[in-house]
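In what follows, a single structure is set out as structure tokens and then discussed.
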Amino acid sequence: MNYAVLHAPEFRLQAAARHRGLPSDQVLALLETMGNKTKVAEASAKARHHGVYPGLSSAQALARCASLQFLQADPAREIDLQDLLLQSATSLSPWVESTAPGVITIALPPEKTFTESSLHQILGAPLQAMELNIQIGVAPTPDLALLAARYADPVHIPKNLSVFLDPLPLALLQPSSDLSAILKSWGIFTLGALLTLPQEDLVTKLGPEALVLREKLSLKNTRPLHVLPPLDRYMERMELEDPIETLEPLLFLIRRFLEQLGKRLQLLWLVAGKLQLTLFFENKTTHQRLFVLPQPTLEIDLLFRMLHTHLENFTSEAMVIGLELEAWATRPTTDQFDLFQQGFRDPHQFAETLARLEALLQAGRVGVPQLENSHRPDQIHMQACIEKPELSVTPPLPVFHGLPLLRFRPPLSAQVDLQKNRPAFLKSERLSGPLQELRGPWKASGHWWDKEAWMQEEWDAALPNGSLCRLARTGLTWKVEGIYA
Amino acid sequence: MPYVELHARSAFSFLRGGSLPEELASAADVQGMSALAICDRNGVYGAPRLHGEFKKMGRRALVGSELTMEDGTVLPLLVTNRKAYQNLCRLITRAQLRAPKGESRVLWSELPEFQEGLIALTGDEEGPLAPALVSNDRNQAEEVMKKLLRIFGSKNLFVEIQRHHSRGEERMVSGLRQLASSHGLKLLATNGVLYATPSGSEVLDLFTCLRHHTHLDLAGSLLSLNRERYLKSPAQMACLFRDIPEAITHTEQVADRLEFTLRDLGYHFPSFPVREGENMDWALRRETYAAIRERKIKNADSKFCSQLDKELRLIAELGFSGYFLIVQDIVRFARAHDILVQGRGSAANSAVCYCLGMTAINPVKEKLLFERFLSEGRTSWPDIDLDLPSGDRREKVIQEVFSRYGKHGAAMTANVITYRGRSAMREIGKALNFPEEYLKRFSDLFANGDFHHTIEVTDQMMKAGLPRQHPRLPAALRLYNRIQGLPRHLGQHSGGMVICQGRLDQVVPLENASMPGRVVTQWDKDDCADLGIIKVDLLGLGMMSVIQDTLKLSEERGRPVDFDNLNKKDAPTYELMQRADTVGVFQIESRAQMATLPRMKPKIFYDVVIEVSIIRPGPIVGDLAHPYLARRAGKEPIDYIHPELEDTLSRTLGVPLFQEQMLKMAMVMADFTGSEAEELRRSLGYKRNDQRLNRVLANMREKMTRKGVAPSVQEKIIKAAGSFALYGFPESHAISFGLLAYASCWFKVHRAPEFYCALLNNQPMGFYSPDTLVKDAKRRGLKFKPVCVLHSEVVCIIEADDSVRLGLNYVKGLQRQSAERIVMERKLKSFASLSDLLHRCALAKDERRILAEVGAFNVWSHHRRAALWEVEGRLDTGDLFANLPAKEAVPLLAMTPVERLESDYNGTSLTLGPNPMALRRAVLPHITRASDLVHLRHGQSVTIAGMVICRQRPGTAKGHVFISLEDETGISNAFVRSDLFERLRLIITHESYLEIEGTLQSWEDVVSVMAKDIRALDSPASVSAPSHDFH
């Protein structure tokens, strides 16, 4: 049996670059913080050409290449990319192992024969079309296939293994840093040099890791693959030849994606718990929206309605050139209400109603208000209704023993006449008259560090009809914030 | 209505206050407040500065402190009299010394012991009553009130009320009024001031974030509600408390009771024990004259003796005899313990100090101005700074002072670390929630000196990646400017010690230093000096250690040197200086010094003194270095500024180089009295701000005008004074340093093996790395031998053939104990084989590997890799044949020269093999070698390359940079203009090997390259020796 390895060099860099829409052939470097220092962890081929190598500090790297772009590792995108590689690999064989980040090992079906060009056509070219840098190697053992893949450009099937291995750098075996340092101090830099060392001495002096390293070069060193269990996320993705300008064709594609996902999940007796829609636009921007389903389901009509409602109210400046729909799979019976979730007679209907409301009122204006930890009066944000309340971030409420305030939302615009710099007369839509008694001012300010800086002065005032109200002044603008009950 | 603010915190409350005491003082001045009390948290850190400012304004600086209690509440205390002050200091000291730094807590149970004379306030939102009032727990509030009453009594306890326009505060005020009324206590209004002006609240918010390790977006209600806690005027406060006017009037009554100010500190320098029937003045006279005989001082003629009498009389008049005796006692201790000691600074102007062995210069012979050291107008104590060998020997002297005066009688002075440049931006960036990556880049990019005349902070920030339109950029810039100079934390001064008659902890609170066994005062050296607290500087100098070690080695090798009577007319020593062959010597080894030496061509000792002083930021700022050299070379006529100054300036060819000359000029041209000259001296050395100097200079100008001095002459004199203000350098100090510079050159010429061996054993020090020092020595013909387990000691030694053997201390990663074990085992019985050594010395794996890698086992192995092969693997401790030589075949190839070089740099930071450039020379035909530069003509285009050994950007060089490159033939120097540096900053600062293309500058035997382009050189080796950068 032969093994193929699908290898994405500089995997973390590629994952981060892909997310930012940067082709990996640009001058890029991935930074990583080690202790107090930030160092280059991975560099693109073009960056390496400028002398930027892993281990350099960010400043050193910039010194060597002023046009270098830095990226930060993005674990979520790395998972996405690994999934993509896995899914691509399954097109070759069902026996697929996620060996390491950026490394997929495939047990090739014995009945089929693959050449470098056929492998490139089946696996390499589609991934390269997605601007991914992929290398593929084939050999009689998984480890040798990995070595071939690391050496490949972009596909390599070695004909004579010993000739192939001899000049390869030791680093391809990725020994631990300790072992690597010892071998370096011994002057062992290639696999050929490693093979010249007596195996017994090697093990006596360097322990089992050295043996493992040597055995990776052996033809006998096959092993069963850890074939992957079913995925928990399923994705449909399409890059469009002709950009889409209107909603209709987009909905058509989405419907098709949903049906395909539905079939794949149905085969495994799974349902969708969450859906994530990503749209790619011509101007290199993306739109991503996660739909948390109130109850896991596989009802395509219902899922479609939810996406439809969202897209109906969505507009973009650029045309859509690609889309991706991902479903989080779950078992139909695994969900259970927790203490803070309420049961609905028709949770999907509720979710849909909320979506319609949000479409009407704009995003962020539907949900449960949560008080923010700020001195700014009445500072809140809306939390989605079907999420758990953010108990941990709710600030402790100050203990007040005064009258409760009934707030006007939004506050009433008002005109206030001043006497000796104190409010004397109020004119507003609902409350007007001379101010008979005053308390204040109470002053508050904040967010001075950016454009949202605010400053407010508050007064409590009594009107002749006995009502007590709260006035607030921001700059020259007066408002009636509320009345005391 | 009169009002005195009695509860203010300064930035010396460390992250709990937003303004300096000086800012609070000027705000109080503007508001017309007659007095102000700063109550810093757990200390009286800011009190001296407020005192100093208020003294000038004729106002009273009241003293107080906020104490953190064991339950976390904060109790403000105010000081009524000296006894109360002593109590407060002792209480703070006790709490500080028993807790880790920054975590002091006062026990309620210990308050009664120290309450005498202290007035307590019930505090603000952190006060002891606050928790009970917030939770509306009347019973608990009563309990706390009773506790406070029991400790302080009703006369010394005031109920503090504050109003900050915050909703809900009236409940607190009303609760406090009820409590005051029920206990018959008086109300006292304060504003709980945290900053001088409203804008200070931004700084406080920044500090709040730093204190809580959060950022502004998350800090929420931790931040200031509004900007009301600034220093308000009496009218504003009266308006705020118009319903409780008595709370305002009580502030003045309390302020009247606070009689104590820092003028009444009660500090006394310790008396020195003298013989019965003798006083300290007599004892000093006896010791001085006895020393003339004991030390066999030459030239002690009548002139010298009359100077001694004059000095002794003045010392006695000023009451400083005890001080001299105590310093002499420290010097005596050092000498008795074989510790080299030499005074520096203005003490060298004193014949008494010379006789007592504190200084090495005869001031009469050198015509030094005694008034620079001590004058009749002097109110503060004179400075006697002692240079000691750095390291253990200096620590021994410091610990001796601690043991003599006790933990509460002596302390190191503090050193206030302030927010500057990168540290400021880093903290601001954290609080503004800038990405960590941006902050790291800012630090990385500008790690080596920020020069605002070459790059603005806004540009720096943008270069680091912050867009100009970033919404938080204005706030960042605002904060950056505001927090410059604000205290960040309290460190300890490098060597300043204060001692006291009796308890120092009654004069100033003491706290633990981060270094074990050290105690620091809460005030820095300027504060101590301003308050008349005497300081003895025990400074560590690496060169003193080198000289002491060189003397010892010379003696051991049978060629001792009489250091006190070193021949100062030694021609080979001056020739060395004239050639600028001064790598490794004291002071005159820097790039700038080496560029001046061939022009200066020192011929006598005083030339060395001038050389030491001339390459100082002061003279360069004042544009004085070049005139001196030009005049010396006869290219420019000598100008004494004014005929009356000829006597003062003749030694420096009319160029004022020393502070003494400056003082004399002021005395001659402006008729300054001794006191005025003293004030000029102090203002020249006062680095905090230039207002003080400006006042003195204005006086000087006025007096010169009155005297009819021409404006052009006045201008020259004032300009000279301005340049000295930044970097004052007295002549006596230059002489002391010149002596060390001369001596180190003498040793380099006449005791080279001993000198280099001592230099290597005292690293890190000086400008150059051990690698450069070794290469310099080798160029002088000295031999070095590598680290070897059979021959090396723990430190470097000189072997019989005059070669220096590197010590095991140079092997990176080899523990000191392991090195000592190797030497000890070898002395017990010689090692038979590598295996024998490994069995007997129990070295860690990494230690075995590194010793093999640097060739320390080569005596048994054919090559380093053979040893590496042999040391690998598990050691069988029960192997009976362990001491037999190993016979296994080694399958590894020997290291190549480049690999050996890399191993050397990796393992010892230096190589005894070829310079890395020698290995690349064949492929660098376009590069001119360092030694060939002298043969090229001025103005010729040239390219140099090498390992960077030094990058310098002197503060006075307007951002220009000097780079030294080393190749196999020597050192070449390049000058990089600031614009080129800014353009290629990263290449210059981060590459270990550089190729510099430019134009040759050859002038008066000084050769350098004016850089036009700089590139990273494809490294001959993956590692290099460390360079000395931007020091």
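Chains as they are written, first to last, in the working numbering: chain Z, 175 to 659; chain U, 677 to 1707. Idealized CB from N, CA, C, for every residue including glycine.
For residue 606 of chain Z, which residues in the same chain have their Cβ closer than 7 Å to its Cβ, ignoring the five residues on either side in sequence?
600
Using 8 Å as the threshold, is the C-beta distance between residue 880 of chain U and residue 623 of chain Z below it?
no
So which of U:847, U:1549, U:896, U:1505 has the shortest CA-CA distance to residue 381 of chain Z?
U:1549
Starting from residue 1195 of chain U and walking both ways along the beta strand (DSSP E), at which residues does that stretch end?
1195-1200 is the extent of the beta strand (DSSP E) around residue 1195 of chain U.
Going by beta-carbon coordinates alone, are residue 1675 of chain U and residue 1685 of chain U separated by less than 8 Å?
Yes. Within cutoff.
Listed by chain order, chain U residues near residue 182 of chain Z by CB distance under 9 Å
In chain order: nothing, as chain U lies at least about 24 Å away.
Cβ neighbour criterion (16 or more within 10 Å) applied to residue 576 of chain Z
Note on residue 576 of chain Z: under 16 other CB atoms within 10 angstroms of its CB, so exposed under the neighbour-count rule.
Please name the residue, chosen from U:874, U:689, U:702, U:828, that lies closest to residue 735 of chain U on a Cα-to-Cα basis.
Measuring from the Cα of residue 735 of chain U, the nearest candidate turns out to be U:702.
Return no unless some Cβ of chain Z is closer than 8 Å to the Cβ of residue 1509 of chain U.
It does not; no Cβ of chain Z falls within 8 Å.
May I have the straight-line CA-CA distance separating residue 1412 of chain U from residue 1188 of chain U, to the nearest angstrom?
33 Å
Taking a cut of 8 Å between CB atoms, which residues from the stretch 1140-1151 of chain U lie near chain Z?
Residues of the stretch 1140-1151 of chain U with a C-beta less than 8 Å from any C-beta of chain Z: 1147, 1148, 1151, listed in chain order.
is_contact[residue 1766 of chain U, chain Z] using C-beta, thresh 8 Å
Nothing can be reported for residue 1766 of chain U, as the shown portion of chain U is limited to 677 through 1707.
CB contact below 8 Å: residue 1116 of chain U versus chain Z
yes
What residues from the stretch 607-630 of chain Z come within 7 Å of chain U, judged by C-beta to C-beta, listed N to C?
615, 616, 617, 618, 619, 620, 622, 623, 624, 625
Are the C-beta atoms of residue 371 of chain Z and some chain U residue less than 8 Å apart?
Judged by the 8 Å Cβ criterion, residue 371 of chain Z is in contact with chain U.
Which residues, taken in chain order from the stretch 1526-1546 of chain U, show a beta carbon closer than 9 Å to some beta carbon of chain Z?
1528, 1529, 1540, 1541, 1544, 1545
Anyone know if the C-beta pair for residue 529 of chain Z and residue 484 of chain Z falls short of 8 Å?
yes
Proximal residues, the stretch 1667-1686 of chain U versus chain Z, C-beta separation under 7 Å
Under the 7 Å Cβ criterion, the stretch 1667-1686 of chain U contributes 1667.
Stretch pair the stretch 1385-1394 of chain U + the stretch 1217-1236 of chain U: three plus CB contacts closer than 8 Å:
no
By the three-class DSSP mapping on this structure, what secondary structure does residue 834 of chain U have?
strand
Helix, strand or coil for residue 858 of chain U, going by three-state DSSP, please let me know.
Note: residue 858 of chain U maps to helix in three-state DSSP.
Please list, in chain order, the residues of the stretch 345-363 of chain Z that have any C-beta partner in chain U closer than 9 Å.
355, 356, 359, 360, 361, 362
Beta-bridge partners of residue 278 of chain Z, as assigned by DSSP
Z:180, Z:272
Taking just the CA atoms, how far does residue 324 of chain Z sit from residue 430 of chain Z?
Taking the straight line joining both Cα atoms gives about 38 Å.
Quick check on the burial criterion: 16 or more other C-beta atoms within 10 angstroms. Buried or exposed for residue 1225 of chain U?
Buried, since its Cβ has 16 or more Cβ neighbours within 10 Å.
At which residues does the beta strand (DSSP E) containing residue 415 of chain Z begin and terminate?
Segment 407-418, the beta strand (DSSP E) holding residue 415 of chain Z.
Whole-angstrom C-beta distance between residue 1002 of chain U and residue 946 of chain U, which should lie under 8 Å:
6 Å
Tell me which residue opens and which closes the beta strand (DSSP E) that residue 981 of chain U is part of.
That residue, residue 981 of chain U, is in no beta strand (DSSP E); its alpha helix (DSSP H) goes 978-994.
Using the beta-carbon count (16 or more within 10 Å), is residue 651 of chain Z buried or exposed?
exposed
I want to verify the contact list: residues of chain Z whose CB lies under 8 Å from the CB of residue 1099 of chain U, in sequence order.
Result: empty, since nearest Cβ-Cβ is about 14 Å, beyond 8 Å.
Near residue 387 of chain Z, which residues of its chain fall below 8 Å by C-beta distance, leaving aside the five closest residues on each side in sequence?
347, 349, 353, 368
Please classify residue 1034 of chain U: does DSSP put it in a helix, a strand, or coil?
coil
Neighbourhood of residue 282 of chain Z by C-beta, 8 Å cutoff - its chain only, sequence neighbours within 5 removed:
Within the same chain, residue 282 of chain Z has close Cβ partners 175, 176, 177, 178, 266, 267, 288, 312.
By the three-class DSSP mapping on this structure, what secondary structure does residue 1115 of chain U have?
Residue state, collapsed to three classes: helix.
Residue 1372 of chain U to residue 980 of chain U, Cα distance in whole Å?
33 Å
In three-state DSSP terms, what is residue 563 of chain Z?
Any reading at residue 563 of chain Z must be qualified, since the residue scores a pLDDT of 49, below 50, and its modelled position is unreliable; the value itself is stated next. It is coil, neither helix nor strand.
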